[in-house]
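The numbering of the sequence shown is the numbering used here, which starts it at 156 and goes up by one.
Even for Gly, the Cβ is constructed at its ideal location relative to N, Cα and C.
Please read the structure below before turning to the comments.
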Amino acid sequence: MPHDPDSAGPRRAGRYPGSRNAPSPTGGRPSPLRKIGRMAPWSANPLLRRSDRCEGWIRVLGIVLLVAAVPLAVWTGRNADIQAGSRARDELRSATVVSAVVIQRPWAPQQSAASTGPVWQTRAEWSRDGRSGIVDVDVAPNAEPGDRVPVLLARDGTPVGDRSPSKAGFGCGIAAGMTLFDAIAAGTAVLLVVSNRVFGRYRRAAWDREWRELSDAA
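Encoded structure:
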């Protein structure tokens, strides 16, 4: 007797549109992208529960936050670069040159691969308006203790050194941009982990409730 596909009885899994294992229109198992599309919160998949859709929208929000964090971090870093460079230029313009006394023989610190030649440094002691201090300065390799070298002092009396505004701004910009991106990424990770645990607990409670209802009905 031929079997009526619309009659009551067991149905073979994976042959109907709502099934997770429904075959792809091109034949074979569905592609990973198709599987992801079926689990998307806007999907018409009847197997998706309300909690699944809510958690899916939170994941979408996390992706949007991470994507938006990249240009926001670049913009923040650029502004920090400009502001730090401006402060460094103002500091250099207002710095005062004082004479310091060399107190050690010069040494050649470790150089990077991009260095054009050896740079000799020594320690010099400066004194101005009743304040004094010791600072590392670049000198000629034949400098001797007792020689005098110029030192730049800021308005508050601290040595300015040979910092360039471009280097100061670049460092502050990188730090500001990375700090903002890390903060957004960490907040997004916490949001996803917390939502997964909350909705997982909700789903387990729903399963327990349904099993109790089935047990009571039996």
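- Counting C-beta pairs with one atom in each stretch, the segment 283 to 294 and the segment 222 to 237 have fewer than three that are closer than 8 Å, which means they do not touch.
- Cα atoms of A361 and C209: separation of roughly 15 Å, rounded to the nearest angstrom.
- In the DSSP annotation of this structure, the continuous segment of the alpha helix (DSSP H) that includes T231 starts and ends at 205 to 249.
- When secondary structure is reduced to three states using DSSP, W275 falls in the strand class.
- With distances taken between CA atoms, S254 lies nearest to A279 out of P201, A239, A279, D371.
- For R310, there is no enclosing beta strand (DSSP E), as DSSP gives it neither H nor E.
- In the DSSP assignment, D291 falls within the unbroken beta strand (DSSP E) covering 286 to 294.
- Separation of S370 and R364 (C-alpha to C-alpha, rounded to the nearest whole angstrom) is 10 Å.
- Per DSSP, reduced to three states, the secondary structure at A255 is strand.
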